[in-house]
Every structure is written in C-alpha cells, then in structure tokens.
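Colleague:
Chains as they are written, first to last, in this note's numbering: chain A, 943 to 1891; chain B, 485 to 555.
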C-alpha cells in the first residue's frame, strides 16, 4: 500500500483513505501572525500551534501524542523544535505561533533527540508490524521511519509490557495494551470528545497503563463511541473488522441512517466489502465524532434476514412466493387499481419513511398524488415531530429548528426538555456535555433522571422532575416568572415580534393560574425550583432550548412547542449563535420527510395543497390535476380501514404495526385491508399483514440525500450496489408507471433537480453543489447561496414573531384507582426505535430486552423485586416485561423502551393524540403493574396480539 | 370514519386551539386545513344529530364549513 505525505497535514495518509491530521485544533482567532518555519514565511491565526502552522504550510513535524481533534498534550517529545532566541527544544504542539518567530523543525540535534525517544518507545513495543492489523495505518510505524530509527540499543529483553493480556470483551474492537505507548490520546478522546471519562491512566511511571476502570471494556462505563479507537496512533485499539478483514483500500463518504444528528462517515472498504465506518472530521453535524450505532452497528445491512427478492401472496395466511420485479410491480398496480375501481379513488394511500432519502420520499408522495390520484400520504413524522412543524410554523413561520448543532458551543444556559441526547442523539449529547463542562448552565425538564441530570463531570443546575403530561403547565410557569418579574427582553419583543399578540400573551401568562405556585400542584415541581430555573434562563446570556419527543408526543404537543417558542422570544433568544428552539429529531430524515411534502395537506416546502398558485406549479411540472383538499393522516387511514372505506396501503420503510400506538387497533386495520404493500429490508411486523413485499435498500446502497435536525442536507452515497437490484426510487417510479402515471428518472440527482426546481427552500441545492461543499443547511437559495446555519437572524420567516396563548389542558389519560401509575417511553443508547436494524447487530450485547423501570416504593408495594417478570396493563392491553427497580423514575411513574417486538410496548399505549396533529400520546399511559404469573402471563409478543385480535 | 373519534378530535381542538378574534373561524380554518372533506362532512352530520355534544364554537365552525362546501 502506498503511503503518501499529505501536503496539508502532518500524518501520512494512505492512498485515498483517511483525512489529514494537523496535530492540534484550528484556531478561530481573527488576528493573523506571521512566523518563519524552516526558512519560509507562514501566516496563521493567532493561537495556532507551531505544529499546526507547520502542517498547514506543508512542513511535517513528527508527532505521536498529538491529533487535531484533541487539545495539545505535549507528552511524546517527538514534535520538538528549535526557536531562535529561546532555550531548549519546546514541543511544537503546545507552543503557539507568534509574530516574528523563527522556527526550525529539522536539525541534527532534533533528529537525534527524536530518534532517542523513538528508540525508547520501540524497546517496549512488539516487533510484529508485518502481522499487525494496524500495518500501514500505524503512526508509530510511520514515525519510526520518519525519524530514521535503525536500531534499538537497549535490546528487548528488559522489563516490558509485551505480555499484556488482550481485552477482547467489546463486540466491536480489541484492546491490546502490549502495543500501547501511553500517549493518552484514547483517554483524552474519551474526555474531550465523548465526555464519558470511561478511560484513565492507571499506575505511575513504568506501571502506567490505559485502563477502562472496570474489569474490562464491556463492563466499564465505555459507551463504545469509537473515539478512542479513532484516536489511537497504534494497533492498541483496533476494530475487530479490521483485524478480521484487513486494512481498507478505498473510501466512500456518506451519511449515517440512524438518529436525526446525521453524522458524516467515511465508509472504508476492501473491494466491495465494508470494513469500517469512520466518522468524518469534515462532517458538519459530527465533526469527527460518532456513537456506537453509526460507528459500528452497520451489520444489519448484510444480515441473513434481509429479503432481496420481491414476493407476493393472495392472502396474509398464504406463504410468500418469490417473483420477478415486473410481476410484483404489475401485481401491486393491478390490485391497487382494482380497489380504486371498486371503492373509489380515495380508498388507497401510503406512508413515507423518515429512514429513506429525500429523493425516495419525494417520489413516494409524488406517486400517491399523481398515480393514486389523491392526497392520502402521510409520514412516520406524524408519530414523532408533527407538533414541531405546527408549533414552529405558527410562531416563527417555518417548520424547523433554528440553529446548527455547533451553536450549542456558544450557549450559556441550556433548557433541555423531554430529550435524552446522551442515549438518543449521542453525538449531540457529547457536544452538550462539553459545553456544560466549560461552564454553561443546564436545566433539565423530564420526569426521569436522565444521565445529564447527574453523571461524570456533568450536573444539571435544576432538574424539574415533572409528572408526565404537565409540560405545558411548567413552560407556562417558567414564562410567568419571566413576564411578572420583569425579565423579558423588551427591546427584542418590540422590534421583532407582533406586539398585539405579545400584549395578549402577557395578560394570559401573568394570570395566577400560570404561577409556579399553582403549577406545583399540577406538575409536582416545587414552585421555588421553577422560579430559580426561570431566572437562570432569562439572565444567563445566550439561552438555548433543545427538546425531543418528550415534548411532542403528548395531547398538548403542539401547544408545548408554541410555549417554548414563546419563552425563546420573551427572552430574546432567537436569531444568533447559542440560542434558539431546537428539535432533536428522532430519525435520520424526519426533517427531510416533512420538507418533501409527505403530509397529506402539504406539498414540498410546506405549501398547502389548497394554494392554487402552488398547486398549479406542480400540475404543470407533473402534467396531472392535483386535489386541492387534504388527504388522510395515518390514523385516519387506519380508522377508515376498520370501517371498510380504506382498502389498500403502500408502506414505505415503516413498521407501523410495531411503532404506532394501540397495536391491536393497527393490526386490525392492516388485516382489514385488501392490499398492503410493504417496501423494507426485513419482514417486519407490518409485513406480516402484507400481500406484496418489495425489498428495499440499506443506506449503504442508497444514492440521495438526508436532511438532519439542523436542516443540513447531506449526501448519501452508494457504498455498494443495491443488493435487491434496484434503487427504491426506481421501484416507486415503476409502480407509478404501472398504475398509469409515467414516471422516470435516470438517477437520484435528477430527482433532486426536480425538488429544487419546485421547492423554494431547496432552490440552489444540487448533488454537484453538495459534492463540492459537503453539506448545506436550507434555505439554500439566491439570498442564501451557502445555506442558512441560523434561522430568523434579521427577522422571522413569518415577519413578526407570534406569541401564542398556551393554556394548560390536562390530558384525559390520567392515573386512577385501576391504573395508578403513569407509563412513559423512550430510547436507549445501543438500540434504535423498533430495533429492526440494531437488534440485528452486536448492539444487542447491551440491551437484549426492553425492561420496565419502576421506583422502589412502587415495586415494594406490589411485591416486585428487581429482575422479576411483571405484567403491565392499561385500559388498551397488557404485556409482560422484566422489572428494573430504579431511582431514575419517581414514585408513580414507570418507564420502558420500545425496541423489541417481543415486549410490545405499544400494545398498551392509547389512542390519545396531539390536538393539532394527531401525534400519539406515547409519553402518558395510565397502567398498573403486578408480578407476572408464569402460568398465565407470557410476554405479549405482537404475534400473540395478532392471534388474539 | 369513526364518528366518536372525530367528536373527540374536534372537541380537543376546541379546548386547545389558540385564537385571537372569532374562535369558530379559527376552528373552521383548522378543520379546513387538516381534515379531509369526508371528515368534515361526517362531523357536520353528528353535530346536526347531537348538537349538545359540541360547543357553540364547534357548531358554528362546522356549519360554516358545510355552507362553504355547498356554495
């Protein structure tokens, strides 16, 4: 393998693999200093290290303990330089460049010093380079060559660490401390990048060694983000896949398909085999960081359960028959048309998926509006962030978060509501922790004691541990304090907001019913705690609000989003870095699926179907008449299926039988339909009700774009050819064509071209531009050709910001004598949503089943002990899980995840939903718990529900 | 569609919808924007059949939509 010295970096990079490493982080100073390095003048921002200045000018200084993702450490003594007028040989990584400085990086003296240091390293390092998995990707090996080491005078027989036992406990990487040079890069990465501090240096002097603290990596606090593996300059921490398959030989840059952070990865391959996913430093969302899912859990794409051939069957009780693509598409099209002929145009519809690309989603909604001839298209965003769209468009004028992720680095106080980023959005969670450790204040509003309330070096200033279902009461109480204690930003409000609406809101929010003292009785949060938190948020400088599904998945989800927007406007926290209202989107492309016109009332770019001018544009482009009325939402389609009016559904990459509430109802609806077409990777729970199965493509095969929670449009590039033989947009186009609406694209870039031509916020987006600049945050148009990292800078999209009155209306789902506990749900770090992907990877090592967290007093009262199987019943259904007695939940509240179909968490969730959008109220279900009777209760799998339905 | 569910939905909208001005207009606009014509027709029938189950604002809103659809 060829080793090339990158002219812009210090570390040699392998041909086409890896990114340049300048040794120390980039300085953001506006002041420039000019120095001389090896006789050449170099100008860099003040604060830049000599090492980086040299690297940027193409002059390579040897290094081992330095890497540009970490603060300089100065321990390896390889990067020594000589500086005119200064004594000694300072480390270039820790010495800032100064105006007029004259530096020499290559002298006989330096060469000798470096060789001597390297000699010591190599005297205690296994000399097995030819068989080492890191051969060709080892900085120690490279540097030994660079400094010209030819011999080790000390021999290899003395005391050493060569016999150290390998730690192979982690399913994804090995730790071979015999190869460790104790450079601290892994320890510092765990601290500075991930913020978990799972690693430490144990012992002193010769006995110093990297340690995961516990018995081994698996039993330690390590979250397997991979930052340590990434940072390791030797083969000490190495991916098992590299050990097994060998060093990759080519790279394709693409975007992760898990959560809404949307991390950029370099997929590194040998031939067509994916060896590893390495987070890209150039990734706008992640800047070189990753989590256990994106970094390692990609094995599902080649899992044996994947279906690669189309299949059909007459009845859902029949066995599947594999058929050709033509036959499957013709079969589905014919059946859909037969249903429409018999029951009317409105009797079919479809669902788009937030896991798919913008281009795939756009073609699905286009197929439904054109070939199906109706607006019965909805998206899984319905069940997660639809209230975000409603709330933020009502108050600010656009259905999206206001900031980029980087913005949190400028926040002084962070209000985190109904979100658990260290589990559900881990890479953003690490950014957040970093900022808190730098001194930003944190207010957590959550019924559960999430990690950020108190964990290693992070402690929230206030934890408003509210009762599930009382978000709006608490946000109103926070705003009440700000309004009545004169803490509002009057200048911002006068200049930027609708003043009549503000006056009305002031009267409303100042009412005694919104006071913390009244809200204490409703929410359980002490009034004084609310008052302190409100004062902190209003007076600490830049205040940012981040929130998740704990806000939206309530009967007042939309009201709560507007309440948070009110709070941000009242405190002047909109329109600059460090502030804003920021949804943490659940899936990779929730933002994109909403942008692309997946809702039944909107065309792409959030334009209502009743707008004649907009509709006319689409009608001209698509050469078809469109309906001016909204179509059905998912719950409407399901209800109408049960009543017999809705007979056929195209389900694109969704598992509504597992993910939607009241499973029994969903299954009954699916069973009632004449035709269910599922396009997915696996036979998921929904596919058990399907008549046609179109095999889909994994993100590694897709060609298109995802749009993350910060409106960042990222390229998804095909790492390998589609295993099913077709891109998903091709399948959809062929189905539309078979139904009588000719649809054809040569490639995904053409689809983006069509999206850009018809969607003002995407006007200048193209694959060519994305490939050139990396990523773009919409709006991307003539006014903002480079995109828009921060929204509403000089004014709100709607003109003036609109304050909205948000009275608290308690949910009808309440605890009572029969169901005295409130169940709330969430995600865990290692698993993702319904688990279709992560359950098919080694991530199941950490979470083999969903468990029910229950407070000790509630457990004791019911005779339940930790680990015992318990039956959980709501008025909708019953399921069985293992209890985990936990101090994370308060008495009266229980909590579980929904990653496993076996536990069937949604068997018990109810039909209540957000008043404006019908987003289900997953976060509040009244339940009772009892010890499971093994003779009668069994885990209520979805199959069981089906049998009983 | 299940009329009981539509009833629950519209009454929830009535309880929650923020408004400045005439509330029935705001409810009507919401239903027009997000509900299918069939849902609006079904709720109109139920309001006619059981007006006591609905507030005056809801009654006015669905009547406005009905008249608009007829016009």
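No residue lacks a Cβ here, since even glycine has one placed at the ideal position from N, Cα and C.
Nothing here was measured: the structure is a model prediction, and the numbers come from that model.
(1) If contact means a Cβ-Cβ distance below 8 angstroms, which residues of the region 518 to 530 of chain B contact chain A?
(2) Whole alpha helix (DSSP H) runs in the region 1495 to 1545 of chain A with 4 or more residues, listed along the chain?
(3) Does the beta carbon of residue 1556/A sit closer than 9 angstroms to a beta carbon anywhere in chain B?
(4) Grab me the residues of residue 1114/A's own chain with a C-beta within less than 7 angstroms of its C-beta, minus the 5 sequence neighbours each way, in chain order.
(5) Could you check the C-alpha separation between residue 1185/A and residue 1172/A for me, to the nearest Å?
(6) Mark residue 1270/A as exposed unless 16 or more other C-beta atoms lie within 10 angstroms of its C-beta, in which case mark it buried.
(7) Give me, in chain order, the residues of the same chain whose beta-carbon lies closer than 6 angstroms to that of residue 531/B; leave out the 5 immediate sequence neighbours on both sides.
(8) Which same chain residues, not among the five before or five after residue 1632/A, have their C-beta less than 6 angstroms away from its C-beta?
(9) Figure out for me which residue from 1517/A, 1635/A, 1552/A, 1201/A has the closest Cα to the Cα of residue 1370/A.
(10) Here's the rule I'm using: 16 or more other beta-carbon atoms within 10 Å means buried, otherwise exposed. How should residue 1871/A be labelled?
(11) In whole angstroms, what separates the C-alpha of residue 1055/A from that of residue 1383/A?
(12) Cβ closer than 9 angstroms: which chain A residues qualify as neighbours of residue 497/B?
(13) Could you tell me which residues DSSP puts in a beta bridge with residue 1116/A?
(14) Please list the partners that residue 1746/A has in chain B, where partner means a Cβ-to-Cβ separation under 8 angstroms.
(15) What residues in the region 503 to 516 of chain B bring their beta carbon closer than 7 angstroms to a beta carbon of chain A?
(16) Answer yes or no: does any C-beta atom of chain B fall closer than 9 angstroms to that of residue 1581/A?
(17) Please list the partners that residue 486/B has in chain A, where partner means a Cβ-to-Cβ separation under 9 angstroms.
(18) What's the C-alpha gap between residue 1322/A and residue 1402/A?
(19) Roughly how many whole angstroms lie between the Cα atoms of residue 502/B and residue 535/B?
(20) Spatial neighbours of residue 1255/A within its chain, please: CB distance less than 7 angstroms, with the 5 preceding and 5 following residues excluded, ordered by chain position.
(21) Name the chain A residues that come within less than 7 angstroms of residue 489/B, Cβ to Cβ?
(22) Could you tell me the distance, in whole angstroms, from the CA atom of residue 1259/A to the CA atom of residue 1606/A?
(23) Return yes when the Cβ of residue 1391/A is within less than 9 angstroms of the Cβ of residue 940/A, no when it is not.
(24) What in chain B is Cβ-close to residue 1446/A, meaning under 8 angstroms?
(25) Could you tell me which chain B residues have their CB closer than 7 angstroms to the CB of residue 1498/A, listed as they occur along the chain?
(26) At a Cβ threshold of 9 angstroms, is residue 1591/A touching chain B?
(27) Would you mind stating whether residue 1045/A and residue 980/A have Cβ atoms separated by less than 9 angstroms?
(28) Have a look at residue 496/B and residue 1497/A and give me their C-alpha separation to the nearest angstrom.
(29) Roughly how far, in whole angstroms, is the beta-carbon of residue 1825/A from the beta-carbon of residue 1806/A, given that I think they are within contact range, below 8 angstroms?
(30) Could you tell me the distance, in whole angstroms, from the CA atom of residue 1088/A to the CA atom of residue 1002/A?
(31) For residue 1312/A, which of 1433/A, 1684/A, 1745/A has the nearest alpha-carbon?
(32) For the alpha helix (DSSP H) containing residue 1812/A, list its first residue and its last residue.
(33) Out of 1417/A, 1443/A, 1579/A, 1572/A, which one is the CA nearest neighbour of residue 1501/A?
(34) Threshold first: 4 residues or longer. Then list the alpha helix (DSSP H) segments lying entirely within the region 1407 to 1432 of chain A, N to C.
(35) Using alpha carbons as the reference points, say which of 1194/A, 1216/A, 1178/A, 1170/A lies closest to residue 1188/A.
(36) Residues of the region 1558 to 1576 of chain A with a CB closer than 7 angstroms to any CB of chain B: list them in chain order, please.
Modeller: So, from the data block:
(1) The residues in question are 518, 519, 520, 521, 522, 523.
(2) 1499 to 1512, 1532 to 1537
(3) no
(4) 1166, 1181, 1182, 1238, 1784
(5) 15 angstroms
(6) buried
(7) Cβ contact annotation for residue 531/B (same chain, cutoff 6 angstroms, sequence separation greater than five): 538, 543, 546, in chain order.
(8) Cβ neighbours of residue 1632/A beyond the five flanking positions: 1618, 1620.
(9) For the residues 1517/A, 1635/A, 1552/A, 1201/A, the minimum Cα distance to residue 1370/A belongs to 1201/A.
(10) buried
(11) 46 angstroms
(12) 1857, 1858
(13) Under the DSSP definition of a beta bridge, residue 1116/A partners with 1180/A.
(14) Per Cβ cutoff of 8 angstroms: 502.
(15) 504
(16) yes
(17) 1581, 1582, 1584, 1585
(18) 32 angstroms
(19) Distance between the alpha carbons of residue 502/B and residue 535/B is about 23 angstroms.
(20) 1261, 1262, 1263, 1633
(21) 1581
(22) Each residue's Cα considered, the two are about 18 angstroms apart.
(23) No answer is possible for residue 940/A: it lies beyond the span of chain A, which begins at 943 and ends at 1891.
(24) 504
(25) Ordered by position in chain B, the residues that pass the 7 angstroms Cβ test against residue 1498/A are 500.
(26) no
(27) Result yes, Cβ atoms of residue 1045/A and residue 980/A sit closer than 9 angstroms.
(28) 9 angstroms
(29) 5 angstroms
(30) 10 angstroms
(31) 1684/A
(32) Here residue 1812/A belongs to no alpha helix (DSSP H); instead the beta strand (DSSP E) covers 1811 to 1815.
(33) Answer by Cα proximity: 1417/A.
(34) Runs of the alpha helix (DSSP H) lying entirely within the region 1407 to 1432 of chain A and spanning at least 4 residues, in chain order: 1413 to 1426.
(35) Considering only alpha carbons, the answer is 1216/A.
(36) Within the region 1558 to 1576 of chain A, the qualifying residues are 1571, 1572, 1573, 1574.
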